[in-house]
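Comments concern the structure below.
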Amino acid sequence: MIGDLHRSRINATVRGFSGIAAPADRFTDQRVLLTGAPKVLASRNGAEMMRSAMLLLMRMTTDLTVAIPAGFDELAEGLAQVARDQAWGRAPAFAAMPVAEEGYAAILSAGGNASAALPLTVITSNGWLARVSSGSIGVSQLCHQWNPVGALAAASLGAGEVFKRLLRLKPEHGQLLDGISFSLWDYGLSNDPGPHLPTEMETDLLVAGAGAIGNGVVHLLSQLPLKGRRRVLDVQTYGDENWGTCLRLTPTASAASEAKASYLATIWGPGVEPVVGRIEDAEADAKWRAPKVVLSGFDNVDARYAVQDLWPDLVIDGAIGPRLECQVSAHPWSGEIACLRCIFELEHGEPAENVQRRLTGLSVAALRQASRALSRQDVADAEPEKRNWLIGQIGKPICSVFEAARQFAGGDVAAGFRPSVPFVATMSASMMVTELVRYLMTGNVGVEPRFFFSVLWGPQQGAHYPEDRHDDCQCSTRAHLIERVRAGRWY
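Sequential numbering of the sequence shown, starting at 5, is according to the numbering used here.
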């Protein structure tokens with residue numbers, strides 16, 4: 005199982021569906037076809053849906069075929085290069101159309117006719133719309149209004165449909181989507197593509213957290229016309245276990261234990277500043293300049309509190325759950341919308357360090373430096389019964405050593421490990437970037453503070469969760485002090 009570390013979080017998610025789906029043995033070995041219709045692929049949205057869908061699907065299956073129509077040689081060559089760079093082991097196979105559709109467990113097509121007679125899902129996107137059909141109801145093929153956010157959302161929902169087919173989910177626990185057109189701008193079913201993207205957006209932006217959600221966020225930000233100060237912060241390095249959930253992570257970067265912040269800053273583009281450090285320590289740096297907007301992709305409450313304690317003009321947070329839940333929340337300082345401290349409560353369970361020490365045998369001092377490589381001294385300081393196994397982990401990031409130990413133990417561990425799948429993270433990222441663009445265009449947010457849905461049932465079953473500031477939260481009890489700090493900041 006340790007050899008499957010790069011897909012460990014997907015495999016853990018699949019195991020978590022035991023009892024509500026068909027047996028998921030050899031889940032990642034099932035055959036999947038990715039293809040597209042000429043009219044849609046000729047659009048910029050269509051090409052971007054194909055790229056995003058391929059990046060998502062190749063993390064879910066080892067047997068992916070990509071079939072591109074004749075006349076799209078440049079697109080095919082570009083996708084093939086991306087596949088070679090991103091593949092862990094076996095790269096997707098590329099085939100000329102037409103291809104026989106028999107024998108595939110799932111087919112995902114960017115455009116084309118819907119059909120309930122095949123394991124087929126059709127996706128299209130126009131502006132802020134993400135359209136999906138896994139049944140007999142067709143979706144519009146209009147894709148002329150360029151928007152990478154809508155394209156990624158469509159690819160994410162399409163990959164979710166493939167996941168449900170591969171999982172063979174029982175119908176009482178989820179449903180395939182049949183002809184829906186979901187608006188990220190309105191968070192409801194719509195045929196209105198929404199406003200065009202501006203030609204330029206000025207911002208002072210920090211992306212905090214460079215894991216699965218942060219990968220999706222930066223993937224989108226790199227395609228938007230943003231100006232101003234742009235930073236990405238994370239203290240950790242990538243490990244093998246991150247590849248299966250991070251859209252833009254290459255095997256080379258995960259094997260090299262590259263700093264997450266530096267890697268994503270390179271993907272984002274020129275002028276982006278990486279901050280390799282903890283969010284809790286940011287303001288202790290004399291050179292630190294407070295951001296006006298923070299996009300938070302952290303997966304724990306303590307880090308979310310630290311983000312909120314920056315008290316920027318706006319925090320936008322993304323969250324995911326084990327039943328394919330995804331959420332976006334927006335927390336402007338102005339107004340009465342609940343802050344991150346209001347809506348997230350600290351968990352009171354076994355401390356993460358205790359769980360990690362029990363599984364790895366490493367000292368608390370080593371576990372508190374999870375981003376560095378495991379050393380021979382760490383092994384010498386470890387519990388004797390764990391040393392033989394730890395010798396083989398020398399040189400790997402300590403956070404990856406814990407992940408491998410969890411896999412070796414053969415069980416799920418709540419602290420320090422969260423099963424996840426890439427398409428839920430990218431769906432959350434799509435909603436986060438929607439809120440960023442809305443704020444930069446209008447000065448408003450579209451959630452007060454949360455919108456939530458499960459990919460098992462689809463965004464049409466999503467719901468808003470309004471919540472005002474809590475009277476006993478710091479955002480209320482210390483509001484006057486926070487205002488003084490904000491007024492005296494150096495931006």
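We treat Cβ as the ideally placed atom computed from N, Cα and C, and that holds for glycine.
Residue i burial status per 10 Å Cβ neighbour count (16 or more: buried)
i: residue 438; result: buried
i: residue 264; result: buried
i: residue 101; result: exposed
i: residue 459; result: buried
i: residue 492; result: exposed
i: residue 200; result: exposed
i: residue 246; result: buried
i: residue 193; result: exposed
i: residue 131; result: buried
i: residue 488; result: exposed
i: residue 494; result: exposed
i: residue 156; result: buried
i: residue 369; result: exposed
i: residue 137; result: buried
i: residue 447; result: exposed
i: residue 165; result: buried
i: residue 117; result: exposed
i: residue 380; result: exposed
Supposed close pair residue i, residue j - CB separation, criterion 8 Å
i: residue 153; j: residue 224; result: 6 Å
i: residue 405; j: residue 395; result: Not confirmed; about 11 Å, so no contact.
i: residue 216; j: residue 483; result: That pair is no contact at about 34 Å.
i: residue 346; j: residue 452; result: That pair is no contact at about 12 Å.
i: residue 60; j: residue 336; result: Residue 60 to residue 336, Cβ: 31 Å. No contact.
i: residue 330; j: residue 457; result: 7 Å
i: residue 53; j: residue 129; result: 6 Å
i: residue 232; j: residue 206; result: 5 Å
Helix, strand or coil at residue i [DSSP, three-state]
i: residue 147; result: coil
i: residue 403; result: helix
i: residue 303; result: coil
i: residue 135; result: strand
i: residue 39; result: strand
i: residue 451; result: coil
i: residue 372; result: coil
i: residue 398; result: coil
i: residue 277; result: strand
i: residue 182; result: coil
i: residue 99; result: strand
i: residue 220; result: helix
i: residue 341; result: strand
i: residue 389; result: helix
i: residue 296; result: coil
i: residue 112; result: strand
i: residue 474; result: coil
i: residue 479; result: helix
i: residue 160; result: helix
i: residue 12; result: helix
i: residue 106; result: coil
i: residue 457; result: strand
i: residue 18; result: helix
Neighbourhood of residue i by C-beta distance below 8 Å, restricted to the same chain and skipping five residues each side
i: residue 122; result: 105 and 111
i: residue 58; result: 38, 68, 70, 83, 86, 87 and 96
Residue nearest to residue i in terms of C-alpha spacing, selected from the options
i: residue 333; options: 424, 432 and 379; result: 432
i: residue 389; options: 145, 400, 365 and 315; result: 365
i: residue 208; options: 36, 318 and 68; result: 318
i: residue 120; options: 134, 142 and 128; result: 142
i: residue 262; options: 85, 80 and 399; result: 399
i: residue 372; options: 401, 348 and 325; result: 401
i: residue 189; options: 441, 481 and 309; result: 441
i: residue 65; options: 48, 47, 34 and 89; result: 34
i: residue 109; options: 80, 77 and 169; result: 169
i: residue 272; options: 311, 221, 344 and 212; result: 221
i: residue 363; options: 340, 387 and 377; result: 387
i: residue 252; options: 380, 92 and 290; result: 92
Own chain residues within Cβ distance below 7 Å of residue i, not counting five before or after
i: residue 50; result: 40, 44, 114, 115 and 147
i: residue 327; result: 458 and 460
i: residue 275; result: 234
i: residue 242; result: 253, 257, 258, 261, 262, 264 and 267
i: residue 377; result: 261, 399, 400 and 401
Cβ-based neighbour list, residue i, same chain, cut-off 6 Å, excluding 5 preceding and 5 following
i: residue 462; result: 181
i: residue 418; result: Model confidence at residue 418 stands at a pLDDT of 38, short of 50, so the residue's coordinates are unreliable and nothing is read from them.
i: residue 124; result: 111
i: residue 295; result: 208, 210 and 316
i: residue 248; result: 10, 11, 13, 14 and 63
i: residue 340; result: 472 and 473
i: residue 391; result: 383
i: residue 89; result: 254
Heavy atom of the ligand FMN within 7 Å of residue i beta-carbon
i: residue 133; result: Because no ligand of any kind appears in the structure shown, any question about the ligand FMN cannot be addressed here.
Closer than 8 Å to chain D by CB, residue i
i: residue 155; result: Of the protein chains in the structure, only one exists, and it is not chain D.
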